[in-house]
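Enquirer: Just so we're aligned, residue 454 is where the sequence shown starts under the working numbering, counting upward by one.
Note that the Cβ used here is the ideal one computed from N, Cα and C, for glycine as well.
This is the structure, below, for whatever I ask next.
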Amino acid sequence: MTFYPYDSSTTVVKTQDLTTENKQFCFSDGIGIISKSLAAKFLPLLRIPQNYFPSAFQIRHGGCKGMLVCYEDFKKDVIIFRDSMVKFNSEDNNLGILKFSMARLLYLNRPFVQILDQQRVPSQVFHKFFIENIKLITSALMFENDALKLLMTYSNRNLSYKKLSSAGLSILNEPFMRRILHHLIRYRLEELKTRVRIPLPHTIGRMAFGVLDENRKLEPGEIFFQYSELDSQNCPTGKTFIIEDQIVMVTKFPCLSLGDVRKFRAVNIPELSHIKDCLVFPAKGERPHTDEMGGSDLDGDEFAITWFPDLLFPGDNYKPLDFTPESAEELPTDLSIDDIVEFYCDFLLENNVGQIANCHLMFSDFHPKGLHSKECEVLAKKYSISLDFQKNGVNATLNM
């Protein structure tokens with residue numbers, strides 16, 4: 454985490470959230486605003502590609518957590534926190550930056566492929582991507598450019614493969630670099646075998662932070678997405694593209710139910726043109742689209758988006774599951790150190806997210822109805838509950 458201590462000239466504002474008319478759902482859960490002028494001051498502290506200005510930052514600030522999106526409509530340095538971002542009060546004036554929006558590659562994985570396969574996406578599509586990845590691994594053993602491309606997939610901030618290659622260092626012949634390459638090849642093959650982790654070309658899909666349409670221009674069922682062009686080493690070129698009037702598919706990992714993968718129409722909203730490499734969701738409708746995908750929100754969740762026609766499932770979106778969060782009973786007395794220690798031990802012993810995920814994968818593979826089965830639906834809901842165990846103190850059991 455990078456800390457930036459702002460001074461008294463910075464205006465910090467707390468404001469209300471944007472909710473549905475019945476107050477049941479919150480569109481702005483975990484997301485606020487920061488002036489671009491203030492973001493520019495701490496930008497040199499971050500390791501960001503040259504000539505790239507992130508549109509959003511995942512932050513911690515005293516008792517506040519969530520995302521801040523840059524806007525230029527301010528004459529001075531401003532931070533706006535929403536009520537949902539405030540977890541407790543604090544006088545701390547250090548802004549901690551955990552992550553920032555960037556052009557991130559999209560990877561297929563086993564649950565995602567399972568959902569698309571059972572939504573009648575042809576298996577030949579996945580087989581094509583799989584074969585292309587095997588060819589890249591094979592070529593990386595023989596050609597410098599392909600070896601560099603594989604290394605850049607697992608870029609290391611402390612070891613710039615691109616700079617080393619540009620300086621004339623041979624990845625295939627230098628002993629240390631070749632050992633790194635061989636290790637990554639073995640790791641990559643294991644990923645393909647066990648997790649089906651297949652990178653998609655950056656021209657057809659991306660991973661991106663979810664943010665909110667503060668101008669309320671997007672209608673339900675619409676999204677805005679502007680992505681940066683990447684060069685052969687997956688570095689931003691400075692050029693951007695806006696997906697306009699096109700059907701796209703969006704999900705949030707991990708995705709377990711058929712309703713977690715959804716189709717939207719990407720539209721061009723000029724008021725949002727300053728936001729890039731972030732997926733902008735509408736602040737309208739009966740339920741936030743983020744909540745429809747695994748009960749997600751906007752406090753730092755990253756979403757997968759693809760506009761490749763062959764990957765889009767036919768037909769309409771499946772009905773999303775109800776991901777209403779559970780809440781534990783209030784303690785009759787003030788919280789003590791013993792209560793904290795007891796809960797921490799319970800969490801270590803009873804955390805069963807991995808078990809539930811494996812059970813769900815097994816039922817989706819072998820049940821005659823697959824993801825349409827009642828068992829998969831129940832396990833998907835249990836997974837959502839267990840995922841928030843450490844936040845709300847409620848855990849799901851595997852008794853079915």
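Straight-line CA distance for Cys523 to Gly621?
Expert: Rounded to the nearest angstrom, the two C-alpha atoms are 39 Å apart.
Enquirer: Could you check if Asn848 is buried or exposed, using at least 16 other CB atoms within 10 Å of its CB as the buried criterion?
Expert: By the 10 Å Cβ count, Asn848 comes out buried.
Enquirer: Opposite Arg513 in the DSSP bridges: which residues?
Expert: Answer is Lys518, Gly549, bridged to Arg513.
Enquirer: Tell me whether Ile633 sits in a helix, a strand or coil according to DSSP, three-state version.
Expert: In the structure shown, Ile633 sits in a helix (DSSP, three-state: H, G or I).
Enquirer: In this structure, does DSSP put Gly807 in helix, strand or coil?
Expert: Reduced to three states, the DSSP call for Gly807 is helix.
Enquirer: Can you list, in chain order, the residues of its chain whose CB lies under 7 Å from that of Gln808, leaving out five sequence neighbours each side?
Expert: These residues qualify, in order along the chain: Leu851.
Enquirer: I'd like to check one pair, Tyr459 with Asn586: are the Cβ atoms closer than 7 Å?
Expert: The answer is no: Cβ separation not under 7 Å.
Enquirer: Okay, do the stretch 565 to 580 and the stretch 760 to 779 touch, 3+ Cβ pairs below 8 Å being the bar?
Expert: Output reads yes: the stretch 760 to 779 touches the stretch 565 to 580.
Enquirer: Please report the distance separating the alpha-carbon of Asp818 from that of Cys812.
Expert: Going by the C-alpha atoms only, they are around 10 Å apart.
Enquirer: Buried or exposed: where does Tyr797 fall if 16 or more other Cβ atoms within 10 Å of its Cβ makes it buried?
Expert: Exposed: under 16 other Cβ atoms inside 10 Å.
Enquirer: Does Ala757 pass the burial test, meaning 16 or more other C-beta atoms within 10 Å, or should it be called exposed?
Expert: It counts as buried.
Enquirer: Going by beta carbon distance, what residues of the same chain come within less than 6 Å of Phe541, once the five residues before and after it are set aside?
Expert: Contacts found: Gly516.
Enquirer: Is it the case that the Cβ atoms of Gly748 and Phe776 are separated by a distance below 7 Å?
Expert: Yes, Cβ-Cβ distance for Gly748 and Phe776 is below 7 Å.
Enquirer: Measure the alpha-carbon distance for Arg715 versus Glu644 and round it to whole angstroms.
Expert: Each residue's Cα considered, the two are about 26 Å apart.
Enquirer: Would you tell me roughly how many angstroms separate the C-alpha atoms of Leu832 and Tyr640, rounded to the nearest one?
Expert: Straight-line Cα distance between these residues: approximately 30 Å.
Enquirer: Report yes if the CB atom of Pro507 is closer than 7 Å to the CB atom of Cys688, and no otherwise.
Expert: Cβ atoms of Pro507 and Cys688: not closer than 7 Å.
Enquirer: In whole angstroms, give me the CA-to-CA distance for Asn611 and Leu604.
Expert: Roughly 13 Å separates the two Cα atoms.
Enquirer: Would you tell me roughly how many angstroms separate the C-alpha atoms of Lys518 and His580, rounded to the nearest one?
Expert: Approximately 41 Å between the Cα atoms of the pair.
Enquirer: For Asp752, decide whether its Cβ has a neighbour in chain C, counting only Cβ atoms nearer than 7 Å.
Expert: No chain C is present in this structure, which holds just one protein chain.
Enquirer: Tell me which same chain residues have a C-beta within less than 8 Å of the C-beta of Leu711, skipping the five on either side of it?
Expert: Counting only Cβ-Cβ distances below 8 Å, and skipping sequence neighbours, we find Ile568, Gln571, Gln572, Tyr771, Leu824, His825.
Enquirer: By alpha-carbon positions, which one of Leu665, Arg659, Gln679 ends up nearest to Ile486?
Expert: The residue with the shortest Cα to Cα distance from Ile486 is Leu665.
Enquirer: Assuming Pro689 is part of the beta strand (DSSP E), what are its boundary residues?
Expert: Note, Pro689: beta strand (DSSP E), 689 to 695.
Enquirer: Please check the pair Ser488 and Phe527, which I expect to be a contact at CB under 8 Å, by giving their CB distance rounded to whole angstroms.
Expert: Yes, they are in contact, since the Cβ atoms of Ser488 and Phe527 sit about 4 Å apart, within 8 Å.
Enquirer: Is there contact here, the stretch 780 to 794 with the stretch 689 to 699, by at least three beta-carbon pairs under 8 Å?
Expert: Contact fails: fewer than three Cβ-Cβ distances are below 8 Å.
Enquirer: On a CA-only basis, which of Leu774, Leu788, Gln679, Lys670 is nearest Gly738? Give me that one, please.
Expert: Here the closest residue by C-alpha is Lys670.
Enquirer: Does His742 pass the burial test, meaning 16 or more other C-beta atoms within 10 Å, or should it be called exposed?
Expert: Buried, by the Cβ-count rule.
Enquirer: Helix, strand or coil for Thr606? Go by DSSP, reduced to three states.
Expert: Three-state DSSP puts Thr606 in a helix.
Enquirer: From the DSSP output, in three-state form, read off Gly823 for me.
Expert: Correct three-state label for Gly823: helix.
Enquirer: May I ask you to report which of helix, strand or coil DSSP gives Pro458?
Expert: Correct three-state label for Pro458: strand.
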